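Mind the numbering: the sequence shown is residues -33 to -1, 1 to 273 in mature numbering (1 follows the signal peptide of the UniProt record, and there is no 0), read in order.
Heads up: the structure comes next, in C-alpha cells.
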Amino acid sequence: MSTRAGRSSGRGLAVALALALGLTLLAPVPATAATVRLQLWDFNACDQYGRNFPDCQVTPEQRAAAIAASLGSTSWTPNAATLQEMCRSTFDMALADLPPGWVGAFHSTYTTTDTRCQSADPAWGIAVFARSDVLTGPVHHTLGVETSGEERTLLCADVTVGIGMRLCTTHLTSSSQSGAASQAVTADRLVDEWTAAGMLVVVGGDFNLDVRRCRNSNVSTGLKGWYAGRFGAGKTRCYSGSGDMHEADRYRSGGDGVYDEDTLGSAKIDLVFAPGRRLATDYAGDATSSSVSDHDPLRAAFTASG
C-alpha cells in the first residue's frame, strides 16, 4: 500500500479503470454526528494495453494521467474512488499524480504473463483511493478463483472522508453469471455484518450482473440482498430487494428519472452501494464517457451521516 501523493494534472473526463475484498482485521469505524456529501468515481480501468481490446489501447501512463485528472477535478470534486482491472504500476503512477491528501490501497488479483502493464511489476488487480488523512488496512476476502488463477476479491480499507467509512471495491467473474451471483451473495454477507454493526460501508465495482435484465434469475439472486426496496431497469423496478443498501444510480421518488444507465454497451454492470439508513434521499449516479476503457465510468453521490 502506498500513500504518496503528488500534483494533479487538472480535469480529465471520466476514465475507464478497475478493482475488491472482505475483512475481520479492520477496526470498527466509529460513528459520528457529522454529515458529508460523498462523491465517488467507479472506474473499470481496462488496463490491458496490447491485448486486442480496441477500447483499451492507451498506455498505462495515459490511463494513470486520466484517472488522476478525474480525481483532481474541481468542477465535480470527488473524495473517493473504486477501481478494477488495474496494473500496480498504473496505481502507483496515478497516486503519485494526485493532489496532496489522497491515499490509496491496491490488491493484486492476478499475476500477468503478458506486457499489458508495460512494467516489470506483473501485479494486476483492484484498488481504492480516498481523500483522507488516514487509511487503515487494507484487507481482502477471496470470493472465487478462475481456472486462470485470477481471484475474484472484495478489497476494503477504512478511511475518513469527513466521516469514517469502510471503502470497498470488487470485480466479479464475467465467465459465469451463476458464479457472479454466488460471489455477489458472499460479498453481501460480509458487508451486512459491518452495516449491522453500524458502519458506513461504501462498495463500488464491476459486478458483471446486468441490473437492466428483468426476469434474469442470476441478477435477482446475486443482487437482491444488496438492495433495499425494488430495483431494476429504470422506473420499471423489476426485482424486489431484501437488503438495506441504496445504489447511487437507481430509481427514487423525486429523482430525475434517469436510472440504471449503461456502463458497457446496453448493460449496467457497474454499481456503487451505500447503506440506506445512513443516507439522505438525494443520492444520484450517472454513467459518463471514457476514451481509455471499454466501460463508461460511474459517478456516484450520497449525503451520508455518521
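Ideal placement from N, C-alpha and C gives every residue a C-beta, glycine not left out.
Keep in mind that this is a model prediction, so the values were computed, not measured.
Item, Value
"Use the C-beta contact count for P(-6): other C-beta atoms within 10 angstroms, 16 or more gives buried, fewer gives exposed.", "Here P(-6) scores only 46 on pLDDT, less than 50, and its place in the model should not be relied on; the value that follows carries that caveat. So P(-6) counts as exposed."
"Distance check for P66 and P242, CA to CA, integer angstroms please.", "29 Å"
"Quick one: grab the DSSP three-state call for N46.", "coil"
"Using 8 Å as the cut-off, can you tell me whether the segment 22 to 29 makes contact with the segment 88 to 96, which would need three or more C-beta pairs spanning the two stretches below that distance?", "no"
"What are the start and end residues of the alpha helix (DSSP H) that includes F174?", "Unbroken run through F174: none, as it is neither H nor E."
"Spell out the partners DSSP gives S272 in its beta bridges.", "T2"
"Rounded to a whole number of angstroms, what is the C-alpha to C-alpha distance between Y16 and L139?", "21 Å"
"Where does the unbroken alpha helix (DSSP H) through E113 begin, and where does it stop?", "Careful: E113 lies outside any alpha helix (DSSP H) and carries neither H nor E."
"Helix, strand or coil: which one does DSSP assign to W8?", "strand"
"In terms of residues, what are the limits of the beta strand (DSSP E) holding A97?", "90 to 98"
"Looking at the unbroken beta strand (DSSP E) that takes in M132, where does it start and where does it end?", "130 to 138"
"Would you report the Cα separation of E113 and T49, rounded to the nearest angstrom?", "22 Å"
"For C54, which beta-bridge partners are listed by DSSP?", "W91"
"Please look up how many angstroms separate the CB atoms of L122 and T136, rounded, as I've assumed it's under 8 Å.", "5 Å"
"Per DSSP, which one or two residues make a beta bridge with D223?", "None, per the DSSP bridge assignment."
"Whole angstroms are fine: how far does the CA of A164 sit from the CA of E228?", "32 Å"
"Do the segment 139 to 157 and the segment 52 to 65 touch if we need at least three Cβ pairs shorter than 8 Å?", "no"
"If you run the structure through DSSP and keep just helix, strand and coil, what is M212?", "strand"
"Looking at the unbroken alpha helix (DSSP H) that takes in D237, where does it start and where does it end?", "Taken as a continuous stretch (DSSP letters only), D237 belongs to no alpha helix (DSSP H), being part of the beta strand (DSSP E) at 237 to 242."
"Tell me the DSSP bridge mates of S256?", "S256 pairs with nothing; no bridge assigned."
"How would you call S257, buried or exposed, if buried means at least 16 neighbouring beta carbons within 10 angstroms?", "buried"
"Could you give the DSSP three-state label for C181: helix, strand or coil?", "coil"
"Does the distance from the C-beta atom of A72 to that of A124 stay below 7 Å?", "yes"
"Could you check how far apart the C-beta atoms of V186 and K235 are, in whole angstroms? I think they sit under 8 Å.", "Their Cβ separation, rounded to whole angstroms, is 10 Å, which puts V186 and K235 out of contact at 8 Å."
"For R219 and V170, what's the separation of their Cα atoms in angstroms?", "19 Å"
"In the DSSP assignment, the beta strand (DSSP E) including G71 goes from what residue to what residue?", "69 to 78"
"Using DSSP with H/G/I as helix, E/B as strand and the rest coil, what is M118?", "For the sequence presented, residue 118 should be read as Glu rather than Met. Here E118 sits in strand by DSSP."
"From the DSSP output, read off the bridge partner residues of F198.", "Y206"
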